[in-house]
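Taking the UniProt record's numbering, I'd label the letters of the sequence shown as residues 1 to 134.
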Amino acid sequence: MSIATQMAAVIDRWRSTAVNVPSHQSHQLSSHPVAWWFNTQNATTVELMRALASDTAYVTPGNPETSRIIKVFLRNDRPMGRTLAGDLPVIRQWIAEGAPTELGEVAPVAPSPPQKSPCHFPRRRRKNKPSTSW
């Protein structure tokens with residue numbers, strides 16, 4: 001599973017909680033409050049990931065240690081840090097890999113071998129008939 005897909009799963013798992021966090025109303029992410037992005041009527045998970053990845057106030061793609069979301073918000077002495085402690089490795093890795101937003105695709109299923117349609121019947125072998133010459 002790609003790191004973008006794992007990050008999307010983290011966001012989706014916490015979305016219904018995050019939309020109601022009071023501080024998410026006052027902090028801006030791109031052009032909207034953070035809570036706006038967590039509301040599924042406003043933004044998809046990928047759109048939220050793109051907003052995070054492009055807002056240098058929160059994320060420095062490729063460098064989790066300088067990313068404010070890691071340095072400030074996800075510290076273990078903060079409520080968000082304690083809540084997301086189990087997801088921190090995924091968030092850190094997502095940032096380290098450049099904060100990708102393209103979700104991994106499921107590998108295509110190998111096509112089934114073609115089946116004969118019911119209107120095709122096997123040919124019957126013809127019995128050798130003596131040839132008649134004229």
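Idealized CB from N, CA, C, for every residue including glycine.
Integer Cβ distance of residue i from residue j, believed to fall under 8 Å
{"i": "T17", "j": "L103", "result": "With 8 Å as the limit, T17 and L103 do not qualify as a contact, their Cβ atoms being about 22 Å apart."}
Contact under 8 Å by Cβ, residue i with residue j
{"i": "L84", "j": "A51", "result": "no"}
{"i": "A96", "j": "G62", "result": "yes"}
{"i": "N76", "j": "R68", "result": "no"}
{"i": "I3", "j": "W94", "result": "yes"}
{"i": "residue 137", "j": "V46", "result": "There is simply no residue 137 to check, as the chain begins at 1 and stops at 134 in what is shown."}
Closest residue to residue i among the options (Cα-Cα distance)
{"i": "I91", "options": "I70, F38, M80, N42", "result": "I70"}
{"i": "P33", "options": "P89, D12, V10, D55", "result": "D55"}
{"i": "Y58", "options": "A99, A43, R13, D87", "result": "A99"}
{"i": "P89", "options": "P64, S26, T101, R78", "result": "P64"}
Continuous alpha helix (DSSP H) stretch holding residue i: start and end
{"i": "E47", "result": "45 to 54"}
{"i": "residue 138", "result": "Summary: the structure shown does not reach residue 138, with the chain confined to residues 1 through 134, and so no result is reported for it."}
{"i": "Q25", "result": "23 to 26"}
{"i": "V10", "result": "3 to 18"}
Where residue i falls, given that 16 or more other Cβ within 10 Å makes a residue buried
{"i": "H24", "result": "buried"}
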